[in-house]
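> Be aware that the sequence shown starts at 404, since it is given in our numbering, and climbs by one per residue. For each residue, glycine too, the CB sits at the ideal point set by N, CA and C.
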Amino acid sequence: MTNSNKGKVVLVGAGPGDIGLLTLNGKHWLQKADVVLYDHLVNPDMIRFTQKSAEIIYVGKKEGLASMEQEHINHLLISKTSEGKIVVRLKGGDPFVFGRGGEEIQAVQAAGISFIIVPGVTSVTGVAAYAGIPLTHRDYSSTFSVITGSNEKKQGDIHIDWEKIAGRSGTLVFLMGARKLSLIVEKLMSFGKSPKTPIAVVQWGTTARQKTWVGTLDTIVEISAKDKILPPALTIIGEVVNLKPVLEWYEHLPLFGKTVVVTRKGDQAESMIDQLRELGAEPFFFPVIETIAPDDWSPLDNALSNLSQYQGLIFTSVNGVRFFAERLKTIDQDIRELKGLRVFTIGPKTAEAVRDLGIHVDVVPENFVAESLIASIGKENIKGKRFLLPRATVAREILPEQLREMGAILDVAPTYQTVLPDPQVTELSMRLEAGNIDVITFTSSSTVKNFLALTGDKLLPAIRKVKIACIGPVTANTAREAGLNVEILPEQYTVSSLLDAIEAFFQSDS
Ligand code: SAH
């Protein structure tokens, strides 16, 4: 329990979108938070850094509705901390750049509550960097101004000193001006800025939805006319925009613009997410499987206390290895007792997990499916030999069945079980229906089944429009049986190959 005098508000800048732009401090406080209040422009994927028990409150805009009243937000901040909690207030970009962070902290301070402020990467610099536009450059600009595009006094106008702003020589950056582009360029030109001044508008910068329009003050409205520029968008005006063709990089990454759903479970997802981000994709983490201990350890415990009766040990998954090793530790059994057993694994990752324990792997078949392992083991004389198979509570029966047919004695010991977690279905369905999901990845049959169970029939038509990538043929069959069209299937059944296959698919597609 949190001590009651420990209650505090932590104002955290979440950065402009890419989850990688959250600071280490920001992540630290998310991990410690009891309550998180987050805004519309925050990448909701960050919520996965919080503890399971944390209370998550969305205070941004709901479709068509205004954001929660500022007073109500202030009230929440204060009431939640008075229960002794750590309340993280997560805001897009940097909280002190047009973020009302100042106002919220004033209210918190006036209520006598302690607070911490964690700056964030503001969209001003973050989005500019992802668009390949440096805000200053020794040859073109030695200042930049950050200006609001929504300071309305009169409807439709922006209440700022246009004459002074148009007279400035450096780079101008307008925030919140997505719907005011024509007003901004007209005002600047009428107060003397050259119509030939370069301008770029960047929408949803640092995310898969990043889109940029480039022109000059007198052409940009026409250039962007066929697309409707919607918030969030940032407008950069000045000579530095001309550097974009040389300095742009994000838009050239192989998977730029693709949102890829990662369904594999929590602690194995991290490396897949990192690899996707390196390729320029926006990962959408939607875990559909959680692994926990089996209900009953006795079959495994019995086997472990009689290890000498076995000639072979078969692992079919990394989870199997992990839970097996943990159990050995828990019951204080020496790993050296595994000496003399031949160890078989299905794929290279499983083999790696076994080797990490310091155990030698005798056989890894060429293809990473049960059938290959059966073929490999079948080459040995297994008649009458006893094997231990620590694995999930529910799994394919082909391996034990066929080995038994070949004369082996097989003890199957449940070592872990998978359960349905509670991922963010609403956010996924919004993105699916808006056509903002490009690929869904499945790394096992149970990810397919659980995903479809969680999303339900209503989303099936939207899911059918998305590219489906499966790690191997068994998973692909499950997906096909469920009516999905599997278009991406790697040659090797590993996550890296799966990512290679996704990259190759889109490269040949473009
Ligand atoms: N505190 C935020 C700004 C809040 S005002 C920050 O430091 O970035 C909201 C405005 O920020 C939007 O209207 C838009 O102009 C800009 N913005 C925020 N995220 C953006 C993004 N990903 N791409 C483009 N503009 C963005």
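Within the region 830–872, note down every full beta strand (DSSP E) run reaching 3 residues or more, in order along the chain.
Taking only runs of at least 3 residues, the beta strand (DSSP E) segments lying wholly in the region 830–872 are 842–845.
> Exposed or buried, Lys732, counting other C-beta atoms within 10 Å across all chains shown (16 or more means buried)?
Here residue 732 is taken as the residue at index 329 of the sequence shown, counted from 1. Label assigned to Lys732: exposed.
> Determine the extent of the beta strand (DSSP E) in which Arg794 is found, giving its start and end residues.
For the purposes of this step, residue 794 is taken as the residue at position 391 of the sequence shown. Arg789 to Ala795 is the extent of the beta strand (DSSP E) around Arg794.
> Roughly how many whole angstroms lie between the Cα atoms of Lys629 and Ile623?
One-based indexing of the sequence shown puts residue 629 at position 226. One-based indexing of the sequence shown puts residue 623 at position 220. In a straight line, the C-alpha of Lys629 is about 11 Å away from that of Ile623.
> By alpha-carbon positions, which one of Glu804, Gly416, Leu835 and Glu890 ends up nearest to Asp497?
The count along the sequence shown starts at 1 and reaches residue 497 at position 94. If we check each option's Cα against that of Asp497, Gly416 comes out closest.
> Measuring straight from C-alpha to C-alpha, what distance separates Gly420 and Glu458?
Taking the sequence shown and counting its residues from 1, one reaches residue 420 at position 17. Taking the sequence shown and counting its residues from 1, one reaches residue 458 at position 55. Rounded to the nearest angstrom, the two C-alpha atoms are 22 Å apart.
> Along the chain, where does the beta strand (DSSP E) that runs through Asp442 open and close?
Position 39 of the sequence shown, counted from the first residue, corresponds to residue 442. Element bounds for Asp442: n/a, residue is neither H nor E.
> Here's a check: name, in chain order, each residue in its chain whose Cβ is nearer than 7 Å to the Cβ of Val412, leaving out the five neighbours to either side.
The sequence position of residue 412 within the sequence shown is 9, counting from 1. Result list for Val412: Leu480, Thr484, Val490, Arg492, Val511, Ile516 and Phe518, in chain order.
> I'd like to check one pair, Ala754 with Ile785: are the Cβ atoms closer than 8 Å?
Position 382 of the sequence shown, counting from 1, holds the residue named residue 785. Position 351 of the sequence shown, counting from 1, holds the residue named residue 754. Cβ atoms of Ile785 and Ala754: not closer than 8 Å.
> Do Leu578 and the ligand SAH come close, with the Cβ less than 7 Å from some heavy atom?
Residue 578 sits at position 175 when you count from the first residue of the sequence shown. Indeed, a heavy atom of the ligand SAH lies less than 7 Å from the Cβ.
> Which runs of the alpha helix (DSSP H) at least 4 residues long sit entirely within the region 677–732? Give them in chain order.
Taking only runs of at least 4 residues, the alpha helix (DSSP H) segments lying wholly in the region 677–732 are 701–708.
> Can you tell me whether Val549 is helix, strand or coil according to DSSP?
Start at 1 with the first residue of the sequence shown, and residue 549 comes out as number 146. DSSP places Val549 in strand when its eight states are reduced to three.
> Which whole-angstrom value is the C-beta distance of Thr666 and Phe854, which I expect to be below 8 Å?
Against the sequence shown, residue 666 aligns to sequence position 263. Against the sequence shown, residue 854 aligns to sequence position 451. Indeed they touch by this definition, with Cβ atoms about 5 Å apart.
> Distance, Cα to Cα, Gln678 vs Leu902?
Counting from 1 along the sequence shown, the entry for residue 678 is found at position 275. Counting from 1 along the sequence shown, the entry for residue 902 is found at position 499. So the alpha carbons of these two residues sit roughly 8 Å apart.
> Report all residues from its chain with a CB closer than 6 Å to the CB of Leu424; omit the five preceding and five following residues, and keep chain order.
The residue given as residue 424 occupies position 21 in the sequence shown. Contacts found: Gly418, Val524 and Gly529.
> What do you reckon, is the C-beta of Gly496 under 7 Å from a heavy atom of the ligand SAH?
Start at 1 with the first residue of the sequence shown, and residue 496 comes out as number 93. For the ligand SAH, at least one heavy atom lies less than 7 Å from the Cβ of Gly496.
> Is it the case that the Cβ atoms of Val851 and Ala882 are separated by a distance below 8 Å?
As a working mapping, residue 851 is identified with position 448 in the sequence shown. As a working mapping, residue 882 is identified with position 479 in the sequence shown. Yes. Within cutoff.
> List the endpoints of the continuous beta strand (DSSP E) containing Asp814.
Locating residue 814 in the sequence shown gives position 411, where the first residue counts as 1. Its beta strand (DSSP E) spans residues Ile812 to Val822.
> So, with DSSP's three-state summary, where would you put Gly660?
Residue numbering aside, residue 660 sits at position 257 when the sequence shown is read from its first letter. Coil.
> If I measure Cβ to Cβ from Pro522 and keep anything under 8 Å in the same chain, skipping five residues before and after, which residues do I get?
Counted from its first residue, the sequence shown places residue 522 at position 119. Within the same chain, Pro522 has close Cβ partners Gly416, Thr426, Asp497, Pro498 and Phe499.
> What are the start and end residues of each continuous beta strand (DSSP E) run of 3 or more residues lying completely inside the region 445–512, in chain order?
Those beta strand (DSSP E) runs which fall completely within the region 445–512 and span 3+ residues are 458–461 and 489–494.
> Please name the residue, chosen from Lys494, Thr662 and Leu831, that lies closest to Gln613 on a Cα-to-Cα basis.
As a first step, residue 613 is located in the sequence shown; it is residue number 210 there, counting from the start. Among Lys494, Thr662 and Leu831, the Cα nearest to that of Gln613 is on Thr662.
> Give, in chain order, every unbroken run of the alpha helix (DSSP H) that is at least 4 residues long and sits entirely within the region 516–541.
Runs of the alpha helix (DSSP H) inside the region 516–541: 526–534.
> In terms of residues, what are the limits of the alpha helix (DSSP H) holding Ala636?
Position 233 of the sequence shown, counted from the start, is the residue given in the question as residue 636. First-last for Ala636: Ala636 to Ile640, but that is the beta strand (DSSP E), not the alpha helix (DSSP H).
> Could you spell out the range, first to last residue, of the alpha helix (DSSP H) harbouring Gly570?
The count along the sequence shown starts at 1 and reaches residue 570 at position 167. Gly570 -> alpha helix (DSSP H) spans Trp565 to Gly570.
> Drop a sphere of 10 angstroms on the beta-carbon of Asp442, count the other beta-carbons inside from all chains shown, and report buried for 16 or more, exposed for fewer.
On the sequence shown, residue 442 is found 39 positions in, with the first residue counted as 1. Buried is the call here.
> Taking the straight line between their C-alpha atoms, what separation do you get for Leu707 and Glu729?
Position 304 of the sequence shown holds residue 707. Position 326 of the sequence shown holds residue 729. Roughly 12 Å separates the two Cα atoms.
> Three or more C-beta pairs closer than 8 Å, one from the region 539–556 and one from the region 430–441: is that the case here?
These segments do not touch.
> Considering Cα atoms alone, identify which of Met592, Asp699, Asn880 and His655 is closest to Ser848.
Taking the first residue of the sequence shown as 1, we reach residue 848 at position 445. When only C-alpha atoms are compared, the closest one is Asn880.
> Which of helix, strand or coil does DSSP assign to Ile777?
Stepping through the sequence shown from its first residue, residue 777 is reached at position 374. The answer is helix: DSSP assigns Ile777 an H, G or I state.
> Should Ala531 be listed as close to the ligand SAH, given that the test is whether its C-beta is under 7 Å from any heavy atom?
Along the sequence shown, one-based indexing puts residue 531 at 128. No; taking the cut-off as 7 Å, the Cβ of Ala531 has no heavy atom of the ligand SAH nearer than that.
> With 16 as the cutoff for other CB atoms within 10 Å, does Val767 come out buried or exposed?
Walking along the sequence shown from the start, residue 767 turns up at place 364. Buried, because 16 or more other Cβ atoms sit within 10 Å of the Cβ of Val767.
> What is the DSSP secondary structure of Thr405, counted as helix, strand or coil?
Looking up residue 405 in the sequence shown gives position 2. Residue confidence for Thr405 is low, a pLDDT of 41 falling below 50, so the modelled location carries little weight; the figure read from the coordinates is stated next. In the structure shown, Thr405 sits in coil (DSSP, three-state: anything other than H, G, I, E or B).
> Output needed for Arg571: all residues of its chain with C-beta closer than 8 Å, excluding positions within five of it in sequence on either side, in chain order.
Walking along the sequence shown from the start, residue 571 turns up at place 168. Same-chain partners within the cutoff: Thr546 and Ser548.
> Let me know the secondary structure DSSP gives Arg351 once reduced to three states.
For residue 351 there is no data in the structure shown, the boundaries of the chain being 404 and 913.
> So, is Ile508 buried or exposed, given that buried needs 16 or more other C-beta atoms within 10 angstroms?
Translated into the one-based positions of the sequence shown, residue 508 becomes position 105. So Ile508 ends up on the buried side.
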